[in-house]
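Notes follow the structure.
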Amino acid sequence: MKVLVLGGDGFCGWPTSLHLSHLGHEVTIIDNLSRRNIDTELGVESLTPISPIGERIRAWDEVSGKEIKFINLDIAKEYDRFVDVLLDSRPDAVVHFAEQRAAPYSMRSSKTKRYTVDNNVTGTHNLLAAIVQSGMDIAIVHLGTMGVYGYGWSGSAPIPEGYLTVKVPTPDGDIEREILHPANAGSVYHMTKTLDQLMFKFYAHNDGLRITDLHQGIVWGTQTPQTVRDERLINRFDYDGDYGTVLNRFLMQAAIGHPLTVHGTGGQTRGFIHIRDTARCIEIALNNAPTSGEKVSVFNQVTETYRVRDLAELVSKLTGAEIVNLPNPRQEAAENDLNVSRDRFLALGLNPTTLSDGLLEEARDIASKYADRADRTKIVSRSVWRQGMEAADDLMP
Ligand code: NAD
Ligand code: USQ
């Protein structure tokens, strides 16, 4: 299959590109390298030493004998060029990772709110319009988020895979309808993903586009069987207060003797998935694309759920790290349960990597190995959801 990977230089996109190339697909990465530029803007670097994209691709060619092409292009700003790329490369599928993905970064300032909306909403819409304009039959696999549902909105009822069956009262009695699960975004970033869903619904219905939307939980881990083949292929590991996600942050904090930064009581429950399983889920989604005229195919891409304080305790037990409860910089429920339906990927053969399989390896081979690259001043999350909220770094012991 010919596959364009939008955002293929990023944390999920790079290992997925290697995985697809390893399987024999013809992969072209499109990326504007904005994520690397945001690192520069924030004055941080990945904990792991990531190589420039050209070197990554050369290294992959050397170790695997397989070619990955790279095009530096902004999908939100270079529409005509993007249409030309589609017409020239004639892909069978596009995997879309190319969005600003950090909730704290999206809440940092009015500038980053506007950037996140402009980049994500326009980028996704450009992709849809470009495929229609090209007249080609190209399957889309998009990385969405569990955050479109909100966390615990339906109490103990499991969150369905995308759609909810509801009863609509009418004068002639109730009628049943299937609707998109109500959107309950918790940040400007998550809001852009709920807008993506509406655009997908429209284009699947109006133009018969074949779209899969993967509602992914928090990705943890770093390496995949392909990224370990050469240090120049290593995946990025974000640990800073904006881009670092909770479990990877706790592992890295433990490795440098920093207290584990639990927001509030740590009663927030979230869905998790290992990076190896992300790549495998994309493969499964590409092999099971819907046909034209079908509704958007939604999968919940989550393998386990954990409460933040339980994660902190797990890491603390493993490493002896101290735990600190900081005022929560976010506006979110202090405690929530999360019950997620996740049958579709399991039915299609996903064999998940669990925390118990991978945590020790991650702590040893990544967090400890690269601990001396960490900048302690970038750890605490300084982006607050509303003006006037307390910045937690003044309260660190
Ligand atoms: P990332 O920031 O590491 O990667 C995104 C890539 O897209 C970057 O390389 C960036 O340069 C590129 N990009 C952004 N805007 C672009 C544009 N306009 N044109 C071209 N390239 C552009 O993020 P990630 O962690 O790899 O996440 C990838 C996708 O998966 C995102 O859509 C994110 O919302 C989703 N997701 C991530 C996680 C997670 O825990 N990392 C969880 C759920 C969903
Ligand atoms: N948290 C802490 N301490 C920390 C960091 C985070 O307690 O040091 C808490 C947060 O307050 C939040 C939870 O941990 O309650 C998760 O935060 P996170 O930064 O790990 O994840 P989140 O902001 O939800 O975003 C990440 C990805 C995003 C993706 C989302 C999937 O950055 O791209 O969409 O996970 S999900 O959470 O399922 O919506």
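One rule links them: number in this note's numbering = place in the sequence shown (from 1) + 154. We treat Cβ as the ideally placed atom computed from N, Cα and C, and that holds for glycine.
Enclosing beta strand (DSSP E) for residue i [first to last residue]
i	result
Gly141	Because the chain is modelled from 155 through 551, residue 141 falls outside the range shown and cannot be assessed.
Arg424	423-428
Val373	372-374
Val159	156-160
From the options, residue whose alpha carbon lies closest to that of residue i
i	options	result
Gly178	Ser218, Ile204, Glu516	Ser218
Leu387	Thr378, Tyr393, Gly395	Thr378
Glu253	Tyr317, Lys265, Phe165, Gly309	Phe165
Val538	Ser243, Met290, Ala257, Glu330	Ala257
Asp163	Ser522, Val462, Phe391	Phe391
Ile294	Ala283, Thr324, Tyr303	Ala283
Val402	Val478, Ile520, Asp215, Asp328	Checking the sequence, you will find Asn at residue 402 rather than Val. Per the Cα distances, Ile520.
Asn226	Thr423, Leu158, His296, Ser470	Leu158
Lys321	Arg331, Ile313, Val342	Arg331
Phe251	Asn273, Arg364, Gly398	Asn273
Gly371	Leu405, Ile229, Gly298, Ala408	Gly298
Pro481	Leu513, Arg527, Gly447, Gly542	Gly542
Lys532	Asp464, Glu467, Asp394, Asn389	Asp394
Ser522	Val249, Val239, Thr376, Gly306	Thr376
Ala466	Leu405, Ser446, Arg498, Phe426	Leu405
His344	Thr276, Pro169, Thr445, Val271	Val271
His554	Ile192, Arg484, Asp464	The displayed coordinates of the chain run from 155 to 551. Any statement about residue 554 would go beyond what the structure contains.
Ala409	Ile329, Ile211, Leu201, Ile427	Leu201
Glu437	Lys156, Thr170, Gly161	Thr170
Thr278	Pro444, Ser535, Leu160, Ala439	Leu160
Thr276	Leu349, Val534, Arg190	Leu349
Leu187	Gly512, Trp168, Arg268, Leu174	Trp168
Arg424	Asp326, Gly306, Val342, Ser175	Gly306
Three-state secondary structure (DSSP) of residue i
i	result
Ile365	strand
Gly289	coil
Pro203	coil
Pro323	strand
Lys223	strand
Phe473	Looking at the sequence shown, residue 473 is not Phe but Thr. DSSP places Thr473 in helix when its eight states are reduced to three.
Val552	Missing from the structure shown is residue 552; the chain here goes from 155 to 551 and no further.
Thr419	coil
Run of the alpha helix (DSSP H) containing residue i, from where it starts to where it stops
i	result
Ala409	400-409
Ala525	Note, Ala525: premise wrong, no alpha helix (DSSP H); not H, not E.
Leu387	Taken as a continuous stretch (DSSP letters only), Leu387 belongs to no alpha helix (DSSP H), as it is neither H nor E.
Ser243	233-243
Meets three-Cβ-pair contact criterion under 8 Å: the stretch 475-490 and the stretch 438-458: No: the two stretches stay apart, fewer than three of their Cβ pairs being nearer than 8 Å.
Whole beta strand (DSSP E) elements within the stretch 253-321, 3-residue minimum: 293-299
Unbroken beta strand (DSSP E) runs of length 3 or more, entirely within the stretch 164-208: which are they? 180-184
Please list the segments of the alpha helix (DSSP H) lying wholly inside the stretch 427-513, counting only runs of 4 or more residues, in order along the chain. Runs found: 429-441, 462-473, 497-501.
Could you check whether the stretch 298-313 touches the stretch 334-342, counting it as contact only if at least three pairs of C-beta atoms, one from each stretch, sit closer than 8 Å? yes
Okay, do the stretch 272-288 and the stretch 340-358 touch, 3+ Cβ pairs below 8 Å being the bar? yes
State whether the stretch 470-477 contacts the stretch 407-421, with contact taken as three or more CB pairs (one from each stretch) at a distance under 8 Å. Touching, per the Cβ criterion.
Would you be able to state if there are at least three C-beta pairs under 8 Å between the stretch 171-187 and the stretch 235-254? Put simply, the stretch 235-254 touches the stretch 171-187. At least three CB pairs are less than 8 Å apart.
Assess contact between the stretch 505-518 and the stretch 423-440, defined as three or more Cβ pairs (one per stretch) separated by less than 8 Å. Is contact present? As far as the Cβ criterion goes, the stretch 505-518 touches the stretch 423-440, which means the pair count is three or higher.
Count Cβ pairs between the stretch 434-452 and the stretch 362-370 that sit closer than 8 Å; are there 3 or more? yes
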